[in-house]
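Chemist: Top line first, the protein sequences correspond to chains A and B. The opening position of the first sequence corresponds to residue 1 in the UniProt record's numbering, with each subsequent residue numbered one higher. The opening position of the second sequence corresponds to residue 1 in the UniProt record's numbering, with each subsequent residue numbered one higher. Next up is a structure, given as structure tokens.
Protein chains: 2
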Amino acid sequence: MGRRKLVFGAALSGGGENTAVWRHPRDLPDAAINLDYYKNAARKAESGKLDFVFVGDSLYINAQSHPHLLNRLEPLTLLTALAGVTSRIGLVATLSTTYTEPYNAARLFASLDLISDGRAGWNMVTSALEGSALNFSKSTLPDHDERYLMAEEFVQVVKGLWNSWEDDAFVVDKEKGIYFDPSKLHVLNHQGNYYSVQGPLNITSSKQGHPVLVQAGSSEAGKAFSSRTADIVFTHQHGLEEAKRYYREVKDKAAAFGRSRDELFILPGIGIIIGDTPAEAERKYEEIAGLVNIKDALTDLAKYFNGIDLYRYPLDEPFPTELVDAGSNGYRSAVDRMVGLAKEESLTLRQLALRLATPRNGSLLVGTPDHIADTIQEWFEQEAADGFIISPGPIIPEGINDFVDKVIPLLQERGLYRTEYETDTLRGHLGL
Amino acid sequence: MGRRKLVFGAALSGGGENTAVWRHPRDLPDAAINLDYYKNAARKAESGKLDFVFVGDSLYINAQSHPHLLNRLEPLTLLTALAGVTSRIGLVATLSTTYTEPYNAARLFASLDLISDGRAGWNMVTSALEGSALNFSKSTLPDHDERYLMAEEFVQVVKGLWNSWEDDAFVVDKEKGIYFDPSKLHVLNHQGNYYSVQGPLNITSSKQGHPVLVQAGSSEAGKAFSSRTADIVFTHQHGLEEAKRYYREVKDKAAAFGRSRDELFILPGIGIIIGDTPAEAERKYEEIAGLVNIKDALTDLAKYFNGIDLYRYPLDEPFPTELVDAGSNGYRSAVDRMVGLAKEESLTLRQLALRLATPRNGSLLVGTPDHIADTIQEWFEQEAADGFIISPGPIIPEGINDFVDKVIPLLQERGLYRTEYETDTLRGHLGL
């Protein structure tokens, strides 16, 4: 691999940088269930020569969930539908390692990969939400570190199943009556701590070999997992210095596992708010932040604290640090970060809730196209990121549209981003 | 519902009326992995105004499996891809109730149903193959009747999850800030013998309400399940009288559950071999049957007897009836039928194996287009069937192409089949 390449994914679901963005007059409030939105967004991202589109997921909702989580298409079927209206861009779907069988996961992704002719990627998540267990006949969420042990084994099984058939196993010689070469069929016979999977898998590999592996873990266990296993790390960073530390740490870990530092792409998620002038961009931000009320902000914050009733605490006094003990198992590192932030900046509960409601410290870029291109270039050149995953919002679909129309051309002019696809697989785009 | 309607599905996978058909010069041996084949076949079926296309499945292969099972696209992703190239025809995918989580199954089908705008159907199978358990961290296949108890509860959960959101639950009033009406959100809270699923599901229903339910059980437990739960029964019948008995029995059972006899469609699977003359059709049959050798036929037969080595038995002496004790749990009714047939017609092991290799007693129609249309009409009018699921073979894709080009027009001329779609949902096509 030569010079580092800037990499971009476009997140098509999720978004909603605050819980009230759907109320904005220009926001598409049913985007998560709107196939036309998805098709247009995927084609838009492809027109900008982005590396991939990305679809997040969750397996639990309740009446307090973010609007865009309540009613959404399932990622594998959605991305298969998008495979039919695109031809080059990668297609990354989220699937849980905690609530899926490895054999089913291996098949679904292999099938998406064949249908898209080598463009599939798998965002491996361990499903942090406590409530998910209740949808899957389990009384409790497995412990955080145990979920990662399960995930490590799960991915090992899936990769093993993907190797069931060598590329030239299917001879299909009608004359001789030889359908396949048995020496090129491999039975996995996996017997592990969490899974026993015999194999072989009943599907072959695409021309990119295996789907690209994406992972978003920021805990110690998560970083160990992604640095060993992932091709792409999807992360959320809150400032340049923090991002550089994270970048160095994960690349060091990858190197310690014997991997090249260039084989692992670290992509923070960002939303963008663009104005022709800085002032116009700020006005847009204020308009969006102003849609949230404190009640919604507290409800959202409570998610990280096992849904505790935060109204019991005084809103305008220092953040009650004893809440750290109520932090959810599933969000350990996020809870630590929030509690740390509250301490550091002496935030009140109200201030922390509103900051969380529309955060802009690194994950939401507000400014002119040039400012945003500069920030991207700075993070890339200073090795804080290998690229970014662009949010569909805050106002859906303006985030992706603005990025492709206004920021990508600047990066292309600067020679930082491709003007044409050179390959037609996701692995190819990444140079892997 | 008025006059009975003839119903047709086109099976796009499986096929292979014998294990050697792939060697035929005109057969498409990689059909199961060939997206262009699937797209063409689905469009062909839609041009014939068929009610639905159907994709079978299995979760276990080994080196002895039928060629068309070894390497195949996964049904949900495949049918989602086909949703994009069709607009009216129903899309029925197979998914196991034994090796899937109900929450995942409910989502996948709801998503296919929304993406196809109301055309999804679910072929509920309990996964008979003993080996499947070994791919899913289970040491043994659950007992036949237990699989059906699990399936009953599984479907109850899935249907419950599909009712999570009432049709008009999502108000999305930007002015008032009301995203949904909480009184129209239903939490399932299912606690059963096999599954505990809280809900709600994070996806709404399509305009057809729920995906159509298809089931193919011929055992007592299977018949009880389908007559209570299914909209369509996919069956294999071996003669008119047997089919009429089966038809009456299942409809009686449905009536006993308080259902209308017209709400349940009984569709035997058939393959067709068409010739301009009866002799030409017979020649085609002989050509296909002649592709099989006795070794393959025995391997195939052995599948029903736990893979026992049938070479140990004399080929040309009466079928060893003691083999009935070696019959697989997963294929109880098929084993009983085969052993019965061998006894009745005093077949040798070789004869039974070859008969099984290319059976034509009801499930493979051989003749002129008129003969095939006559047979279909007879079965329909005599209440042996409400329609049929047409195999893609024997020679893929000639089965479906010949059916649409040569048989459908005759049935249309006779006023027995639609000449245009009257609705654009699967449930609508069925008049449900």
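Think of the CB as a built atom: it goes at the ideal place given N, C-alpha and C, for glycine as much as any other residue.
Got a sec, what are the start and stop residues for the alpha helix (DSSP H) B:Ser-111 sits in?
Modeler: Element bounds for B:Ser-111: 102 to 115.
Chemist: According to DSSP, B:Ala-120 sits in a beta bridge with which residue or residues?
Modeler: Answer is B:Leu-91.
Chemist: Once DSSP output is grouped into helix, strand and coil, what is the label at A:Ala-169?
Modeler: Looking at A:Ala-169 - three-state DSSP - the assignment turns out to be coil, as it is neither helix nor strand.
Chemist: Less than 8 angstroms between CB atoms is the rule here; does A:Gly-393 satisfy it with respect to chain B?
Modeler: No, A:Gly-393 lies away from the interface with chain B (no Cβ there is under 8 angstroms from its Cβ).
Chemist: Is B:Ala-128 close to chain A, meaning its C-beta is less than 8 angstroms from at least one C-beta of that chain?
Modeler: It does not; no Cβ of chain A falls within 8 angstroms.
Chemist: By DSSP, does B:His-68 sit in helix, in strand, or in coil?
Modeler: In the structure shown, B:His-68 sits in a helix (DSSP, three-state: H, G or I).
Chemist: Taking the C-alpha atoms as reference points, what is the distance between B:Gly-307 and B:Glu-17?
Modeler: Near 20 angstroms, if we compare the C-alpha coordinates of B:Glu-17 and B:Gly-307.
Chemist: Considering only DSSP beta bridges, list what B:Ile-266 is partnered with.
Modeler: DSSP, once it has assigned bridges, lists B:Val-233 as partnering B:Ile-266.
Chemist: According to DSSP, is B:Ser-13 helix, strand or coil?
Modeler: In the structure shown, B:Ser-13 sits in coil (DSSP, three-state: anything other than H, G, I, E or B).
Chemist: Can you name the residues of chain B whose CB is closer than 8 angstroms to the CB of A:Tyr-103?
Modeler: By Cβ distance, chain B contributes Leu-59, Tyr-99, Asn-135 and Phe-136.
Chemist: B:Gln-198 lies in the alpha helix (DSSP H); which residues open and close that run?
Modeler: B:Gln-198 -> no alpha helix (DSSP H), and no H or E assigned at all.
Chemist: Cα separation between B:Ala-11 and A:Asp-296?
Modeler: Each residue's Cα considered, the two are about 50 angstroms apart.
Chemist: Would you identify the three-state DSSP class for A:Gly-367, choosing helix, strand or coil?
Modeler: Residue state, collapsed to three classes: strand.
Chemist: May I ask which residues mark the beginning and end of the alpha helix (DSSP H) holding A:Gly-387?
Modeler: No alpha helix (DSSP H) contains A:Gly-387, which is instead part of the beta strand (DSSP E) from 387 to 390.
Chemist: Compute the distance between the beta-carbons of A:Val-125 and A:Thr-94, then report whether it is under 8 angstroms.
Modeler: Yes, these two residues count as a Cβ contact at 8 angstroms.
Chemist: Is A:Leu-59 helix, strand or coil when you go by DSSP?
Modeler: It is coil, neither helix nor strand.
Chemist: With a cut-off of 8 angstroms, does the C-beta of B:Gly-199 fall near any C-beta of chain A?
Modeler: Interface residue, yes.
Chemist: Using a cut-off of 7 angstroms between C-beta atoms, extract the partners of A:Tyr-195 located in chain B.
Modeler: In chain order: Ser-137.
Chemist: I believe A:Pro-29 touches A:Pro-67 by the beta-carbon criterion, under 8 angstroms. Please report the beta-carbon distance rounded to the nearest angstrom.
Modeler: Going by Cβ atoms, the distance from A:Pro-29 to A:Pro-67 rounds to 7 angstroms, so yes, they are a contact pair.
Chemist: I'd like to know whether the C-beta of A:Lys-253 is nearer than 8 angstroms to at least one C-beta of chain B.
Modeler: With 8 angstroms as the cut-off, A:Lys-253 does not count as an interface residue toward chain B.
Chemist: Quick one: what's B:Pro-318 bridged to in DSSP?
Modeler: Answer by DSSP bridge pairing, in chain order: B:Thr-348.
Chemist: Taking only three categories from DSSP, how would you classify B:Gly-222?
Modeler: Three-state result, B:Gly-222: helix.
Chemist: Go ahead and pull the three-state DSSP assignment for B:Gln-215.
Modeler: In the structure shown, B:Gln-215 sits in a strand (DSSP, three-state: E or B).
Chemist: Which residue marks the beginning of the alpha helix (DSSP H) containing B:Trp-22, and which one marks its end?
Modeler: It is not in any alpha helix (DSSP H) - B:Trp-22 carries neither H nor E in the DSSP assignment.
Chemist: Report the option in B:Pro-200, B:Trp-165 and B:Arg-147 whose CA atom is closest to the CA atom of A:Ala-133.
Modeler: Nearest of B:Pro-200, B:Trp-165 and B:Arg-147 to A:Ala-133, Cα basis: B:Pro-200.
Chemist: For B:Glu-241 versus A:Ile-203, is the C-beta distance shorter than 8 angstroms?
Modeler: No, Cβ-Cβ distance for B:Glu-241 and A:Ile-203 is not below 8 angstroms.
Chemist: Taking just the CA atoms, how far does B:Gln-377 sit from A:Leu-141?
Modeler: C-alpha separation (whole angstroms): 56 angstroms.
Chemist: For A:Val-172, would you say it is in contact with chain B, using Cβ-to-Cβ distances shorter than 8 angstroms as the test?
Modeler: So, interface residue.
Chemist: Report buried or exposed for B:Ile-178, applying the criterion of at least 16 other Cβ atoms within 10 angstroms of its Cβ.
Modeler: When all chains shown are included, B:Ile-178 counts as exposed.
Chemist: Taking the alpha carbon of A:Asp-181 as the reference point, which residue from B:Thr-358, B:Gln-64 and B:Glu-46 has its own alpha carbon closest?
Modeler: The option with the nearest alpha carbon to A:Asp-181 is B:Gln-64.
Chemist: Who are B:Leu-185's beta bridge partners in DSSP?
Modeler: B:Trp-165.
Chemist: May I have the straight-line CA-CA distance separating B:Asp-57 from B:Ala-128, to the nearest angstrom?
Modeler: Approximately 11 angstroms between the Cα atoms of the pair.
Chemist: Between the region 305 to 321 of chain B and the region 335 to 342 of chain B, do at least 3 Cβ pairs fall closer than 8 angstroms?
Modeler: The region 305 to 321 of chain B, when compared against the region 335 to 342 of chain B, does touch it at the 8 angstroms Cβ threshold.
Chemist: Tell me the DSSP secondary structure of B:Gly-239 in three-state form.
Modeler: Residue state, collapsed to three classes: coil.
Chemist: So with CB distances below 9 angstroms, who are the chain A contacts of B:Pro-182?
Modeler: Simply Ala-63.
Chemist: For A:Ile-395, which residues in the same chain have their Cβ closer than 6 angstroms to its Cβ, ignoring the five residues on either side in sequence?
Modeler: If we look at A:Ile-395 and ignore the five residues flanking it on each side, its Cβ neighbours are His-24, Arg-26 and Asp-27.
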